[in-house]
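Here numbering that gives the first Met the number 0 is used: the first residue of the sequence shown is 0, the next is one more, and so on. Backbone N, C-alpha and C fix where the C-beta goes; we use that ideal spot for every residue, glycine too. Okay, so here's the structure we're looking at.
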Amino acid sequence: MKSTRYDFVIVGGGSAGCALANRLSADRANKVLVLEAGRNDSLWDVFVHMPAALPFPIGSRFYDWKYESEPEPHMNGRRIYHARGKVLGGSSSINGMIFQRGNPMDYERWGADPGMSEWDYAHCLPYFNRMENCLAAASDDPYRGHDGPLALERGPATNPLFEAFFAAAEQAGYPRTDDVNGYRQEGFAKFDRNIRNGRRLSAARAYLHPVMRRPNLDVITRAFVERVVFEGKRAVGVDYRHLFGGTKRVSAGQVVLCGGAINSPQLLQLSGVGNSADLQALGIDVVHDLPGVGENLQDHLEVYIQYACKQ
């Protein structure tokens, strides 16, 4: 490691962390460090990069944190499995490679909150376009980008079953759309996929690897961050434990948590930020009482429907 003092320390080399590392290190005045607890996404690791190998990394302790929910009382005590990437690129290195934007109404709802007017759909759309290179969209489509680092392929959906399914959906009264990420998202259509030339294009491969040689950017894998270090109520660094070494402390001008919806709030709680009653019950010194941290997680439902095809 070249330095123990950085302008930005990014905790988590997943989808958000890789994009931030790219953008922040573009300014040569910034010294940036990415700490990823998982393994490197080796170029020759077929379990990560070969789309057909999708079932292998999910559920593997080498690539997946293998989280499960507590028993859900409204689902007959079932635990819900949550695959989370334990590899550079995070869950973008083990997921199904389907690229799907949020619905515009999601961002309109954000923009309606006090102080959030610049998070509505009109303000977010230019950044969606900036990130992507949608190979299937028309060059003059104002809802899609063509110069971004994340290449997107559409389909293929050549099996006759696809068209039969789309026709059945229309017969049932559901619309079709040309682009689930375009002007009209509602409806049945082929998905966009972050696959290029037969290989997964994760956030690490799209954003991080192209800039890894920047002299002001360091990336350390197998580095498990144990807590954020505070002076008063200001974050000034992190303590991390490396797989092949002891615990180390890194100082930072700013600490950016990119551990995802589960690990970022967990790290805040371990560092003393959260509901003070919960922290005190666990013997954690309270840095800042902030109820809501580690609560109110919401995830979309996914329902599988399988039928035998007659032909």
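Judged by their CB atoms, Ser91 and Ala202 are nearer to each other than the 8 Å cut-off.
At a cut-off of 3 residues, the continuous stretches assigned as beta strand (DSSP E) that sit fully inside the segment 131–203 are 131–133 and 149–153. Of Trp43, Gly13 and Glu294, the smallest CA-CA separation from Gly273 is found for Glu294.
Three or more beta-carbon pairs drawn from the segment 258–272 and the segment 219–239 are found closer than 8 Å, and the two stretches are therefore classed as touching. For the alpha helix (DSSP H) assignment, the uninterrupted runs of no fewer than 4 residues enclosed by the segment 33–97 are, from N- to C-terminal side, 45–48. The three-state reading of DSSP puts Tyr239 in strand, counting E and B together. A distance below 8 Å separates the beta carbons of Ala222 and Leu34. Within the same chain, Gly271 come within 6 Å of Asp284 by CB-CB distance, once the 5 residues on both sides are set aside.
Going by beta carbons, Val47 and Pro54 fall outside the 8 Å limit.
Only exposed fits Lys309, as fewer than 16 other CB atoms lie within 10 angstroms of its CB.
Assigned with DSSP and collapsed to three states, Asp277 falls in helix. Classified as exposed, Ala260 has fewer than 16 neighbouring CB atoms from the shown chains inside 10 Å of its CB. Leu23 and Ala188 have their alpha carbons spaced roughly 36 Å apart.
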